[in-house]
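S.K.: First residue of the sequence shown? That's 0 in numbering that gives the first Met the number 0, and the numbers climb one at a time after it. Note that CB positions come from ideal geometry on N, CA and C, so glycine has one too.
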Amino acid sequence: MTGDQNPTIAAVIIGRNEGERLVACLRSLGEDFNRVVYVDSGSTDDSVNTARIHGAEVVMLDTSVPFTAARARNAGIAALDADNAPDLVQFIDGDCVLDAGWISTASEFLVTEPTVAVVCGRRRERFLEASVYNRMCDAEWNTPVGQTRACGGDALMRWAALDAVGGYDATLIAGEEPELCLRLRRRGWKIWRLDAEMTLHDAAMTRFGQFWNRARRAGFAAAEAAAMYGKDPEQHGVAPRRRAAIWGLAIPFAVLVGVIVVGPVALWALMVYPLQIIRLALRDGGHRFAWEQAALLTIGKFAESHGILDYFWRRWRGGQVKLIEYK
Numbered sequence: 000m001t002g003d004q005n006p007t008i009a010a011v012i013i014g015r016n017e018g019e020r021l022v023a024c025l026r027s028l029g030e031d032f033n034r035v036v037y038v039d040s041g042s043t044d045d046s047v048n049t050a051r052i053h054g055a056e057v058v059m060l061d062t063s064v065p066f067t068a069a070r071a072r073n074a075g076i077a078a079l080d081a082d083n084a085p086d087l088v089q090f091i092d093g094d095c096v097l098d099a100g101w102i103s104t105a106s107e108f109l110v111t112e113p114t115v116a117v118v119c120g121r122r123r124e125r126f127l128e129a130s131v132y133n134r135m136c137d138a139e140w141n142t143p144v145g146q147t148r149a150c151g152g153d154a155l156m157r158w159a160a161l162d163a164v165g166g167y168d169a170t171l172i173a174g175e176e177p178e179l180c181l182r183l184r185r186r187g188w189k190i191w192r193l194d195a196e197m198t199l200h201d202a203a204m205t206r207f208g209q210f211w212n213r214a215r216r217a218g219f220a221a222a223e224a225a226a227m228y229g230k231d232p233e234q235h236g237v238a239p240r241r242r243a244a245i246w247g248l249a250i251p252f253a254v255l256v257g258v259i260v261v262g263p264v265a266l267w268a269l270m271v272y273p274l275q276i277i278r279l280a281l282r283d284g285g286h287r288f289a290w291e292q293a294a295l296l297t298i299g300k301f302a303e304s305h306g307i308l309d310y311f312w313r314r315w316r317g318g319q320v321k322l323i324e325y326k
């Protein structure tokens, strides 16, 4: 960064068939950005034309290569001329709306905190009333304020730090932000979560199948992260992989063995699942949403285990890894 109080800022938006969500995203950017790059991942709607009408530079990804969010963000980075690179880059998903005060708050923080590479704020779900799955997303994004280990897809990043680590790992189909933040932290940079509104997100999750695929993708990401960094001091991905494997694979397998060895009485061990739901619900206050979330988090461990098995199956078979989508 140049060090003055007016850093140059670019925006990189990624999306695919976002429709009116992309229109809202582009309109929310205001006058804070020197450049806006939209990276399209094979949209069949009018997204590309919409982005151009709103003044964004458009990058269209090669459809012969599997799409990933990391690959799309890297394409946005590449579109920003390295000889005239911005000081800061705001990454935002095309299904999000940027808060009007976010850029001034976040950029001022980065100007005054030279050791911070990434800053993020509060991402909220736009339509909480639409489904319990949307409400779970909103709760998931309510992360602690202060120095943290990772950001999500929406974040303001320092170009110099991003460039120094080579951007995102484009081979990852999920979990690319925590992996990037891990490499940044290894270089001595800090990641910070501000107590400030950042974006409104439209998850558009109304069906159980969408929830399952999202959890499955999380399990895949945990397995991949643990395979990459599990033996390192950070043990990145190890804890979530272990939890998913215990609840989604080890316990059912142990019960099955128990039924074979001692008979149907072993099925009583499955009571550990309703007990887990009760524990989680009471921990979170015991209200209706706490019970709903507790049940889905417990069920979600089976989906995460599905993702873990997907990872090892795809790794054994080799070849290109395809994105696990929930929309």
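Considering only residues of the same chain and omitting the five flanking positions on each side of Thr-1, which have a CB-CB separation below 7 Å?
M.R.: Here residue 1 corresponds to residue number 2 of the sequence shown, with the count starting at 1. Since pLDDT at Thr-1 reaches only 47, below the 50 mark, its modelled position is unreliable, and no value is offered.
S.K.: Go ahead and pull the three-state DSSP assignment for Thr-1.
M.R.: Mapped onto the sequence shown, residue 1 falls at position 2. Low per-residue confidence applies at Thr-1: pLDDT is 47, beneath 50, and the placement is therefore not dependable enough to give any value.
S.K.: Hey, would you say Ala-50 sits closer than 8 Å to Leu-60, going by beta carbons?
M.R.: Within the sequence shown, numbered from 1, the residue matching residue 50 stands at position 51. Within the sequence shown, numbered from 1, the residue matching residue 60 stands at position 61. Their beta carbons are not under 8 Å apart, which means Ala-50 does not touch Leu-60 by this criterion.
S.K.: For Val-131, would you say it is in contact with chain B, using Cβ-to-Cβ distances shorter than 8 Å as the test?
M.R.: Of the protein chains in this structure there is only one, and it is not chain B.
S.K.: Quick one: complete beta strand (DSSP E) runs, 3+ long, within the region 157 to 226?
M.R.: Within the region 157 to 226, the complete beta strand (DSSP E) runs of at least 3 residues are 189 to 200.
S.K.: Looking only at C-alpha atoms, which of Asp-31, Asp-283, Asp-309 sits nearest to Glu-107?
M.R.: Translated into positions along the sequence shown, residue 107 becomes position 108. Of the candidates Asp-31, Asp-283, Asp-309, the one whose C-alpha sits nearest the C-alpha of Glu-107 is Asp-31.
S.K.: So what does Cys-119 bridge to, in DSSP terms?
M.R.: Locating residue 119 in the sequence shown gives position 120, where the first residue counts as 1. In DSSP, Cys-119 forms a bridge with Arg-192.
S.K.: Enumerate, from N- to C-terminal direction, the unbroken beta strand (DSSP E) stretches of 3 or more residues contained entirely within the region 253 to 292.
M.R.: Segments of the beta strand (DSSP E) lying fully in the region 253 to 292: there are none.
S.K.: Please list the terminal residues of the continuous alpha helix (DSSP H) segment that includes Ile-76.
M.R.: Position 77 of the sequence shown, counted from the first residue, corresponds to residue 76. That run of the alpha helix (DSSP H) goes 68 to 78.
S.K.: Let's test the definition: count the other Cβ atoms within 10 Å of the Cβ of Val-11 and tell me whether it reaches 16, buried, or not, exposed.
M.R.: Taking the sequence shown and counting its residues from 1, the one referred to as residue 11 is at position 12. Classification of Val-11: buried, given that the 10 Å Cβ count is 16 or more.
S.K.: What three-state label does DSSP hand Val-35 in the structure shown?
M.R.: Within the sequence shown, numbered from 1, the residue matching residue 35 stands at position 36. DSSP places Val-35 in strand when its eight states are reduced to three.
S.K.: Three or more C-beta pairs under 8 Å: does that hold for the region 226 to 236 against the region 150 to 158?
M.R.: Short answer: they don't touch.
S.K.: Restricting to Cα atoms, I'd like to know which of Cys-136, Ser-103, Ala-138, Val-88 is closest to Pro-116.
M.R.: Against the sequence shown, residue 116 aligns to sequence position 117. Going by the sequence as given, residue 116 is Ala instead of Pro. Minimum Cα distance to Ala-116 is reached at Val-88.
S.K.: Where does Val-64 fall in DSSP's three states?
M.R.: Looking up residue 64 in the sequence shown gives position 65. Correct three-state label for Val-64: coil.
S.K.: Roughly how many angstroms separate the alpha carbons of Asp-92 and His-200, rounded to a whole number?
M.R.: Numbered from 1 along the sequence shown, position 93 holds the residue referred to as residue 92. Numbered from 1 along the sequence shown, position 201 holds the residue referred to as residue 200. Asp-92 and His-200: Cα-Cα distance of roughly 8 Å.
S.K.: Leaving out the 5 sequence neighbours to the left and right, which residues in its chain are closer than 7 Å to Arg-182 when beta-carbon positions are compared?
M.R.: The residue you call residue 182 lines up with position 183 of the sequence shown. Answer for Arg-182: Val-164, listed in chain order.
S.K.: Starting from Ala-137, trace the alpha helix (DSSP H) in both directions and tell me its first and last residue.
M.R.: The residue given as residue 137 occupies position 138 in the sequence shown. Sequence inspection shows Asp at residue 137; the Ala mentioned does not correspond to that position. Asp-137 -> alpha helix (DSSP H) spans 131 to 139.
S.K.: Let's see if you can read the secondary structure: which residues bound the alpha helix (DSSP H) around Cys-24?
M.R.: For this step, residue 24 is matched to residue 25 along the sequence shown. Run containing Cys-24: 19 to 27, per the alpha helix (DSSP H) assignment.
S.K.: Look at the Cβ atom of Ala-195, then the Cβ atom of Thr-104, and state whether they are nearer than 8 Å.
M.R.: The sequence position of residue 195 within the sequence shown is 196, counting from 1. The sequence position of residue 104 within the sequence shown is 105, counting from 1. Yes, these two residues count as a Cβ contact at 8 Å.
S.K.: Among Ala-265, Tyr-272, Gly-299, Ile-307, which has the Cα closest to the Cα of Ala-226?
M.R.: Here residue 226 refers to the residue found at position 227 of the sequence shown. Here the closest residue by C-alpha is Ile-307.
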